[in-house]
């Protein structure tokens, strides 16, 4: 009789532990699902979102090939440019900054409308344009730097300086003239 009671108690405890473990596991699984609102819809965060949020450059570079929505694509590319721009004295970082920056610029026409719509018809700050213009200007490629500023102006972007991209263009032009005068 004692043996039967002991077996029943062990069985009940085992069932309780199994159910408790399963409940804990399923709540853990639910906690790992992160959702973000994109274009008015809650969507599961993808690798592009996770990578740009991590700011881990290697992870972000791998995520460039990920299919994603235009919003997360924008922030992934911009974050890569931001991170490599900070380290642009390193030639490899400078190369990546320009490569991904150019990719961002080439994709921006398809990103622009969804991005603007996502932020209630106002663009968030888009730092890729100013960073890329600065890098090209530092490299002496003044015409490309000016072109990038003009592209930014065509989207009504602002670089958060007092004179905006218009002033940036003027500063680059002056730098170009000074550089040409030093050559002569």
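In the working numbering, the protein residues as written are 32 to 215.
We treat Cβ as the ideally placed atom computed from N, Cα and C, and that holds for glycine.
Counting along the chain, residue 125 sits inside the alpha helix (DSSP H) bounded by residues 122-149. Residue pairing by DSSP places residue 74 opposite 67 in a beta bridge. For residue 181, the enclosing alpha helix (DSSP H) has its first and last residue at 173-185. Contact annotation: the stretch 191-209 touches the stretch 166-174, with at least three C-beta pairs closer than 8 Å.
Taking C-beta atoms as the reference points, residue 167 and residue 153 fail to come closer than 8 Å. Distance check between residue 160 and each of 104, 113 and 76 places 113 closest, using alpha-carbon atoms only. Residue range 195-214 is occupied by the alpha helix (DSSP H) that includes residue 208. A residue is called buried when at least 16 other Cβ atoms come within 10 angstroms of its Cβ; residue 150 does not meet this threshold and is exposed.
In the three-state scheme derived from DSSP, where H, G and I count as helix and E and B as strand, residue 153 is classed as coil. In this structure, residue 157 sits near residue 109, with a CB-CB distance shorter than 8 Å. The stretch 74-86 and the stretch 135-149 do not touch, with fewer than 3 CB-CB distances between them shorter than 8 Å. Taking a C-beta distance under 8 Å as the contact criterion, residue 79 and residue 103 qualify as a contact pair. At a Cβ-Cβ threshold of 8 Å, residue 105 and residue 146 count as neighbours.
For residue 89, the enclosing alpha helix (DSSP H) stretches over residues 88-94. The alpha-carbon separation between residue 189 and residue 195 amounts to approximately 5 Å. Residue 118 carries a coil assignment under DSSP once its states are collapsed to helix, strand and coil.
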